[in-house]
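Reading through the structure tokens given below for one structure.
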Amino acid sequence: MAIETVTAIWVVLLMSSVWMWNNRKWADEVEFWKEAALKEQERADNAELAIAELISDIS
1 MAIETVTAIW
11 VVLLMSSVWM
21 WNNRKWADEV
31 EFWKEAALKE
41 QERADNAELA
51 IAELISDIS
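At position 4 of the sequence shown (counting the first as 1) the number is 4 in the UniProt record's numbering, and the numbers step up by one without a gap.
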């Protein structure tokens, strides 16, 4: 009985460790894509400003 209990505890600990590692991995992935989206938005804003400046220079 004691061996089964210890084995069950180890299995639960292992599963929770894997679950926590997976969540941390996904959190890092989400953070990466958020930063990428912000950089892309900044590039789009800069391009929009550059186009507006060109149009005003032409006018």
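Using N, Cα and C, we set each Cβ at its ideal position, and we do this for glycine too. Bear in mind that the values here come from a model prediction, so they are computed numbers and not experimental data.
Next item on the list: Look at the alpha carbon of M15 and the alpha carbon of F32, and state the distance between them as a whole number of angstroms.
Entry: Each residue's CA atom was taken as its position, placing M15 and F32 some 26 Å apart.
Checklist line | Backbone CA spacing between E40 and K34 [nearest angstrom] | finding: 10 Å
Check: S59 by DSSP, collapsed to three states: which one?
Finding: Reduced to three states, the DSSP call for S59 is coil.
Check: In three-state DSSP terms, what is M1?
Finding: In this structure, M1 counts as coil in the three-state DSSP scheme.
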